[in-house]
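According to our numbering, the sequence shown is numbered sequentially starting from 787. Heads up: the structure comes next, in structure tokens.
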Amino acid sequence: MRSRSNQAVEWLAAAATDPRACKRQWHADNGTAVLASGRFWDVLSVPEELGLLALDVLLRNPRQEPGPTLCDFAAHRVGFFLPPDPDSRWVGTGIRYAGRGAWIAAPPPNRVTGFLRWLVPPDGSGTLYLPTAVELALQEATGLLATLLGPVASRPPDGAVATTGTGRPTHGRPRGPGVPDNDSGPR
């Protein structure tokens, strides 16, 4: 029986084009490997302060098992791992969605220090966040940020939820092919 740590390494490395090379990169100087999104998971990357507040909301929800959450403290980004969805499109200031065809930089699952590290490491089981849970957490975090910033804010906080003409949030809702800001993930 493999340990949970080994399962996490195997699960995450499976997203690399060469899992063995990925594991070698994790043991190299910078300990980071480039992994493909869109096969086993997609990554929703949001501004750091919004992401940290949303993560707090998610972790307080007993009905939501936490999925992998990556933070790039140098780029001030938090990435939530979601099920792959080629039709998904998330809209909001500073929101980036890495799906099929995108790549992310990822440390080994046991890294919890450094600029690029796991806030919630993968556990090897394949547990991912439910998109609706992340959407609701982002809405709550956006409201909290707006309250904290108060009337001095001349614009919505980074990551603020965009709405359609109906007033409903648009991120997390499929809006056709392609995604905005398809970049290398939580950077």
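Quick reminder that beta carbons are idealized off the backbone N, C-alpha and C, glycines included.
The three-state reading of DSSP puts proline 833 in strand, counting E and B together. By the neighbour-count criterion, in which 16 or more other beta carbons inside 10 Å mark a residue as buried, aspartate 842 falls on the exposed side.
For the pair of segments examined, the stretch 838-852 was found not to touch the stretch 887-896: the number of CB pairs separated by less than 8 Å stays below three. Sixteen is the threshold: since fewer than 16 other Cβ atoms of the shown chains lie within 10 Å of the Cβ of proline 848, the residue is exposed. In this structure arginine 863 does not touch glutamate 835 by the C-beta definition: roughly 11 Å separates them, more than the 8 Å allowed. Under the Cβ criterion (8 Å, minimum of three pairs), the stretch 921-929 does not count as touching the stretch 806-822. The alpha-carbon of proline 805 is positioned some 33 Å away from that of alanine 923. Comparing alpha carbon positions, the residue from Trp904, Pro872, Glu851, Pro908 closest to alanine 919 is Glu851.
Positions of the alpha helix (DSSP H) runs, each at least 4 residues long and wholly inside the stretch 826-906, are given as 834-845 in order along the chain. Judged by beta-carbon spacing, phenylalanine 826 lies beyond the 8 Å limit of alanine 802, meaning their Cβ atoms are not closer than that value.
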